[in-house]
Amino acid sequence: MQRRLFLASLGYALTRPVWANAPTARHTHTPACMAHHASFDCLPVPRAWQTDPIKYPLTITDSIGQTHRFDRAPKRVAALNWDLVENVIALGVAPVASCEIEAYQTWVREPAMPAGVIDVGSRTAPNVGLIESSKPDVIFITGSQRALIPALTKIAPTVCLENTLATGLNEALEAWRQFAMMGAILSRPEAVTALHTQLTLRLDFYRQKIAVAFDHQPIQIQVIRFSTPTTVFVYGPNSIADFVVRALGASQPYVMEPTAYGLQSVRIRALGNLENAYVIYVGHVPFEHKVLNSILWTATPFARKGRVQYGDNYWSHGGAYSILQTVETIGQAILKMAPGARQKSLVENI
Amino acid sequence: MRVRTRWGLLGILILILGVSVWATLRIDNPLSWAQQWALIWHPQAAARYDDFYYLYGTLPRLAVAVLGGATLGLVGSLIQQLTLNRMASPLTLGTSSGAWCAIVVASAWLPNLTANGINGVAFVGALAAFLLIVAITGWQRMNSLSIVMSGMVVNLLLGALATAVVVMQSQFATNIFLWGAGDLAQNGWQNFEWLVIRIVPVLLLLIVFAPKILTLLGLGHESAKARGLNVVPTFMLLMGLGIWSVSALITVTGILNFTGLIAPNIARALGARSSRAQLVVSAGLGALLLVATDALSVYASVLANAVVPTGVLAAAVGTPLFLFFLLRRENRPSAQLWDRPTERTQPRSKVFWGVAALLSFAVLMIHLTITHVGTDVAWRIPDAIAWSQRWPRTVVAIFAGAGFAMAGVILQRQIHNPLASPDLLGVSSGATFAVVLAMLLGLTPYGLSAFGYAILGSILILVGLLWVTRRLQYDPTLLILVGIATSAFLDAFTTLTLSKGTLDTYSILEWLSGSTYRASADVAILLALSVTLLGVLCWVCHRALTLLGIGRDFAAARGAAVQIQTVAMMVASASLCALSTAAMGPVAFLGLACPHMAYYLGAKRVRTQLVVSAWLGATLLLVADTIGQNIVFPQEVPAGMLAAMVGATYFLVLMIQKRR
Chain Z
129 MQRRLFLASL GYALTRPVWA NAPTARHTHT PACMAHHASF DCLPVPRAWQ
179 TDPIKYPLTI TDSIGQTHRF DRAPKRVAAL NWDLVENVIA LGVAPVASCE
229 IEAYQTWVRE PAMPAGVIDV GSRTAPNVGL IESSKPDVIF ITGSQRALIP
279 ALTKIAPTVC LENTLATGLN EALEAWRQFA MMGAILSRPE AVTALHTQLT
329 LRLDFYRQKI AVAFDHQPIQ IQVIRFSTPT TVFVYGPNSI ADFVVRALGA
379 SQPYVMEPTA YGLQSVRIRA LGNLENAYVI YVGHVPFEHK VLNSILWTAT
429 PFARKGRVQY GDNYWSHGGA YSILQTVETI GQAILKMAPG ARQKSLVENI
Chain X
32 MRVRTRWGLL GILILILGVS VWATLRIDNP LSWAQQWALI WHPQAAARYD
82 DFYYLYGTLP RLAVAVLGGA TLGLVGSLIQ QLTLNRMASP LTLGTSSGAW
132 CAIVVASAWL PNLTANGING VAFVGALAAF LLIVAITGWQ RMNSLSIVMS
182 GMVVNLLLGA LATAVVVMQS QFATNIFLWG AGDLAQNGWQ NFEWLVIRIV
232 PVLLLLIVFA PKILTLLGLG HESAKARGLN VVPTFMLLMG LGIWSVSALI
282 TVTGILNFTG LIAPNIARAL GARSSRAQLV VSAGLGALLL VATDALSVYA
332 SVLANAVVPT GVLAAAVGTP LFLFFLLRRE NRPSAQLWDR PTERTQPRSK
382 VFWGVAALLS FAVLMIHLTI THVGTDVAWR IPDAIAWSQR WPRTVVAIFA
432 GAGFAMAGVI LQRQIHNPLA SPDLLGVSSG ATFAVVLAML LGLTPYGLSA
482 FGYAILGSIL ILVGLLWVTR RLQYDPTLLI LVGIATSAFL DAFTTLTLSK
532 GTLDTYSILE WLSGSTYRAS ADVAILLALS VTLLGVLCWV CHRALTLLGI
582 GRDFAAARGA AVQIQTVAMM VASASLCALS TAAMGPVAFL GLACPHMAYY
632 LGAKRVRTQL VVSAWLGATL LLVADTIGQN IVFPQEVPAG MLAAMVGATY
682 FLVLMIQKRR
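Chains as they are written, first to last, in my numbering: chain Z, 129 to 478; chain X, 32 to 691.
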């Protein structure tokens with residue numbers, strides 16, 4: 129009996145297809161209104177967050193279902209993750225406490241962290257005593273810091289905003305939603321409107337330039353990061369990079385399920401059948417030359433056609449301001465790959 | 032082995048070889064046989080991407096698998112013949128982890144190291160690890176299980192060091208884990224060519240010149256010396272050549288465990304007797320095993336639609352095979368009486384104990400009251416919020432330290448080996464694996480739920496251990512070896528998860544390095560109660576422990592129910608270790624060093640040794656936690672890491688001093 133079971137399962141395993149065809153298209157949890165044209169207006173933020181001035185008392189629900197009520201705008205803000213502190217600074221509020229400030233200035237860089245912010249330790253283990261000594265009026269934390277809620281609630285209202293771990297969310301839209309929520313809590317609706325305008329303007333600018341440069345043809349852009357000499361990270365359908373690519377009128381050809389953090393590690397081989405793609409690799413790695421000159425990379429259709437471009441590094445798991453940086457990086461990289469761009473220099477017009 | 036079964040085994044191996052090669056060339060490869068054949072003869076005709084991938088991805092991977100497997104098999108056989116120990120291999124002798132640790136440390140500070148640089152670093156690390164193990168075990172006892180045990184001790188130390196480095200320099204860590212998990216994927220032929228130049232001459236040299244020396248050494252070191260062989264230099268030369276080959280392989284592929292352990296054992300089972308036959312057959316079998324494992328990992332990658340490194344599967348496949356060989360009659364370890372240290376130790380005076388107690392109390396007070404004001408250190412009575420943060424961490428540090436130490440006392444008496452550590456039972460790895468799996472599945476373990484998952488993982492591993500060894504009267508030494516294998520297996524999966532490279536990786540790393548940060552009030556109370564309960568139970572059963580510690584036959588002759596008591600003691604030891612690991616993550620070396628320290632402080636009887644070890648463990652961990660929380664404020668150095676390093680250093684110094 130056991131032997132039969134074993135043979136049956138072996139047989140079943142062997143009959144599964146063993147060669148990788150092009151993956152079939154799968155549902156990607158994207159809102160229907162975004163099917164053709166990505167936009168922030170697709171997922172409207174509640175009216176209470178859009179009024180100028182904000183009407184208090186304001187009640188909001190955070191990512192883990194807790195409701196918080198604010199009777200006035202908090203003045204002293206602690207933000208314990210980089211995407212949250214980025215939102216706070218972009219709203220024009222100087223935070224009083226944050227985590228890993230030195231590393232923030234290396235990896236995220238913009239918007240610049242103002243001076244005088246207390247560093248409360250690492251993101252995985254922030255120091256509660258220091259947070260208390262900074263006397264915040266509100267604390268923003270991320271999902272993986274959830275265990276601290278009982279301790280932090282004694283200090284100040286603790287709002288838990290999670291973006292990267294939930295695969296059902298579109299990261300860009302959720303980052304925007306959280307930015308609008310924080311803007312409402314901190315009473316900065318004008319900053320939210322300003323960033324919205326700026327994002328829409330830059331998206332329109334690049335979209336038109338790209339349409340002209342590529343002769344109004346639909347193009348395929350694939351955004352990746354190098355991981356090891358044989359693997360790369362591809363940005364999935366729920367990532368900010370993917371949102372920006374679609375907002376610019378293009379699409380990513382590599383089909384995959386939404387993942388946590390919007391990234392998936394794949395072998396270079398998996399990109400081998402992207403015949404018409406333009407590839408942008410974000411950020412430098414030490415072994416970059418080795419990979420770019422390796423045979424498995426140079427044999428890919430896009431490398432053969434010279435459709436590979438470096439994109440300036442940006443923080444992939446950031447807040448609303450990171451969306452703007454992503455737009456700049458991807459927009460400029462695409463324009464550098466436009467036909468004839470290497471002879472003319474479109475870049476100077478940007 | 033009988034002739035018919037030998038031919039049967041050979042037949043199975045040939046079948047496996049055939050299937051593996053077929054699979055490697057067929058899975059994930061849309062080219063037909065004719066196309067593949069044509070490409071091999073006319074590589075310049077490659078046009079589509081799949082053609083290029085076949086020529087410069089699949090074929091080099093197969094070539095590296097063959098060469099790597101042959102290297103591991105041959106060097107494994109070499110090591111086993113040199114040490115006359117059937118369970119010796121690059122894994123158990125710590126050379127793999129020596130190379131890995133050296134590479135991690137070097138890469139953290141020199142990220143642009145060339146391949147040759149990495150190779151040199153790996154070689155130095157592997158050699159250093161091996162010499163350390165020889166220093167610990169001593170020349171005479173290389174054919175015993177002590178060297179395997181020392182190997183695992185060194186593994187733990189180097190693993191802790193490597194984890195420490197990665198935790199400090201977290202952002203570079205992501206790509207190192209995929210490589211560390213053992214990856215054979217290739218991008219062109221340059222790696223293979225690089226390996227061929229460095230390894231093939233050495234292997235040929237070994238096959239041609241080593242057998243005579245190995246046959247002589249097979250008579251035993253004394254007999255070989257009597258026959259005129261200069262034992263030490265030739266031993267070190269041959270071992271050095273073997274380690275060189277393995278280091279070069281590790282530079283390219285990362286850590287691949289078990290192949291070097293299993294291939295020589297199968298070679299012996301097939302009937303290879305002479306030294307040269309063993310070397311050559313092991314090489315062939317190693318190649319076969321690695322090709323099969325690699326084919327399996329390619330298949331797994333396609334099924335799971337993810338990157339599955341070969342090393343993970345090597346551990347997954349290798350563990351049952353290792354256990355199979357371990358449990359065979361000729362490999363079964365014999366019971367050894369505990370080598371009692373022969374120096375007389377002075378019983379310490381009451382003044383000593385008074386001062387010690389006072390110091391411990393001082394440490395406790397410091398831990399509870401130390402704060403930072405700006406950049407200065409101050410001592411304040413903590414307010415309500417700070418107090419609610421501090422006391423769980425203090426309680427967890429104290430009771431986890433006591434738990435690890437007491438588990439160590441029980442275990443060392445059980446298996447008559449002063450080098451035994453409770454983490455070798457595999458419960459630490461089981462707890463870690465359960466928590467990592469929970470994080471992977473999105474169950475977000477925090478506080479009490481993490482504690483629960485960890486305990487569950489440990490219980491499953493313990494039950495598995497007991498089930499595997501039930502037919503062999505639960506021999507404790509065997510339990511350790513099975514535990515070692517299980518740890519290697521689970522660690523491979525944990526490394527695979529770490530290679531995802533996200534914020535979760537850092538959380539897992541933090542858990543792995545043993546920190547009291549996640550201590551919550553309910554976990555602290557639960558831990559305190561259960562450790563106290565188990566401690567009291569062991570105190571009450573001290574007579575059984577003493578008898579079993581002398582010898583199982585001795586205990587049986589005096590009427591003790593040996594099997595039941597062995598199981599009970601093992602469960603107690605594993606539970607103490609599991610509870611402590613579940614509360615603050617794995618902490619190596621406390622369970623190893625504290626019983627020794629207690630002994631040298633004069634606590635020779637079981638009851639006093641239990642109490643003194645527990646006190647030592649608690650104090651040590653408390654000191655480590657105090658330092659860890661404050662030395663790089665507001666960042667934290669995990670207490671477990673500091674305690675492990677202190678314990679390991681103390682232990683190594685002790686062992687080396689004893690050699691003289």
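Just so you know, even glycine gets a beta-carbon here, dropped at the ideal spot from N, CA and C.
Taking the straight line between their C-alpha atoms, what separation do you get for residue i and residue j?
i, j, result
"X:Ala-649", "Z:Ile-269", "33 angstroms"
"X:Gly-302", "X:Leu-40", "11 angstroms"
"X:Ile-293", "X:Gly-659", "41 angstroms"
"X:Val-333", "X:Asp-59", "7 angstroms"
"X:Leu-368", "X:Arg-359", "Caution is warranted here: a pLDDT of 39 is assigned to X:Leu-368, below 50, making its placement in the model unreliable, and the coordinate value is therefore given only provisionally. Those two C-alpha atoms are separated by around 22 angstroms."
"X:Ala-212", "X:Ile-286", "6 angstroms"
"Z:Ala-284", "Z:Asp-247", "18 angstroms"
"X:Val-95", "X:Phe-154", "19 angstroms"
"X:Glu-541", "X:Ile-134", "21 angstroms"
"X:His-573", "X:Ala-193", "38 angstroms"
What first and last residue would you give for the beta strand (DSSP E) that runs through residue i?
i, result
"Z:Gln-437", "436-439"
"Z:Ala-206", "205-207"
"Z:Thr-356", "348-356"
Could you check where the alpha helix (DSSP H) with residue i kicks off and where it finishes?
i, result
"X:Phe-289", "Run containing X:Phe-289: none; DSSP gives neither H nor E here."
"X:Ala-257", "252-257"
"Z:His-324", "317-341"
Residue i CB to nearest chain X CB: under 8 angstroms?
i, result
"Z:Asp-370", "no"
"Z:Pro-429", "yes"
"Z:Thr-152", "Bear in mind that a pLDDT of 34 at Z:Thr-152, under 50, signals an unreliable position, so the model cannot answer this."
"Z:Arg-397", "yes"
"Z:Gly-400", "yes"
"Z:Leu-297", "no"
"Z:Thr-156", "For Z:Thr-156, the predicted structure reports a pLDDT of 44, less than 50, and the residue's modelled location is therefore unreliable. The matter cannot be settled from this model."
"Z:Gly-257", "yes"
"Z:Ala-279", "yes"
Can you find the residues in the same chain that come closer than 8 angstroms, C-beta to C-beta, to residue i, ignoring five residues on each side of it along the sequence?
i, result
"X:Ala-69", "Ala-76"
"Z:Phe-342", "Ala-466 and Pro-467"
Tell me which same chain residues have a C-beta within less than 6 angstroms of the C-beta of residue i, skipping the five on either side of it?
i, result
"Z:Ser-315", "Ile-182 and Ala-201"
"X:Val-179", "Met-118 and Thr-123"
"X:Pro-413", "Arg-421"
"X:Val-352", "The displayed chain sequence assigns Leu, not Val, to residue 352 of chain X. So the list reads Ile-293, once near-sequence residues are dropped."
"X:His-403", "Phe-664"
Measuring alpha carbon to alpha carbon, tell me which residue in the options is nearest residue i.
i, options, result
"X:Gly-488", "X:Leu-280, X:Val-50 and X:Leu-521", "X:Leu-521"
"Z:Gln-345", "Z:Gln-194, Z:Ala-405 and Z:Leu-186", "Z:Ala-405"
"Z:Arg-397", "Z:Phe-415, Z:Ala-388 and Z:Val-419", "Z:Val-419"
"X:Ala-431", "X:Leu-557, X:Phe-161 and X:Ala-451", "X:Leu-557"
"Z:Gly-257", "X:Leu-653, X:Ile-401 and X:Thr-500", "X:Ile-401"
"X:Asp-656", "X:Val-467, X:Thr-547, X:Asp-553 and X:Thr-406", "X:Thr-547"
"Z:Pro-254", "X:Ala-670, X:Pro-665 and X:Gln-688", "X:Pro-665"
"X:Tyr-84", "Z:Trp-425, Z:Tyr-438 and Z:Asp-440", "Z:Trp-425"
"X:Val-231", "X:Leu-344, X:Met-173, X:Leu-98 and X:Tyr-630", "X:Leu-98"
Spell out whether any CB of chain Z is found under 8 angstroms from the CB atom of residue i.
i, result
"X:Ala-366", "In this predicted model, X:Ala-366 has a pLDDT of only 46, less than 50, meaning its place in the structure is not dependable; the value taken from the coordinates is given anyway. No, X:Ala-366 lies away from the interface with chain Z (no Cβ there is under 8 angstroms from its Cβ)."
"X:Tyr-85", "no"
"X:Gly-216", "Looking at the sequence provided, one finds Ala at residue 216 of chain X rather than Gly. Yes - at least one Cβ of chain Z is within 8 angstroms of the one on X:Ala-216."
"X:Ile-416", "yes"
"X:Trp-210", "yes"
Near residue i, what residues of its chain come up, given a Cβ to Cβ distance below 7 angstroms and the 5 sequence neighbours on each side ignored?
i, result
"X:Tyr-681", "Ala-624"
Output needed in chain order: residues of the stretch 194-227 of chain Z with a Cβ under 8 angstroms from some Cβ in chain C. This model lacks chain C altogether; the protein chains it does include are Z and X.
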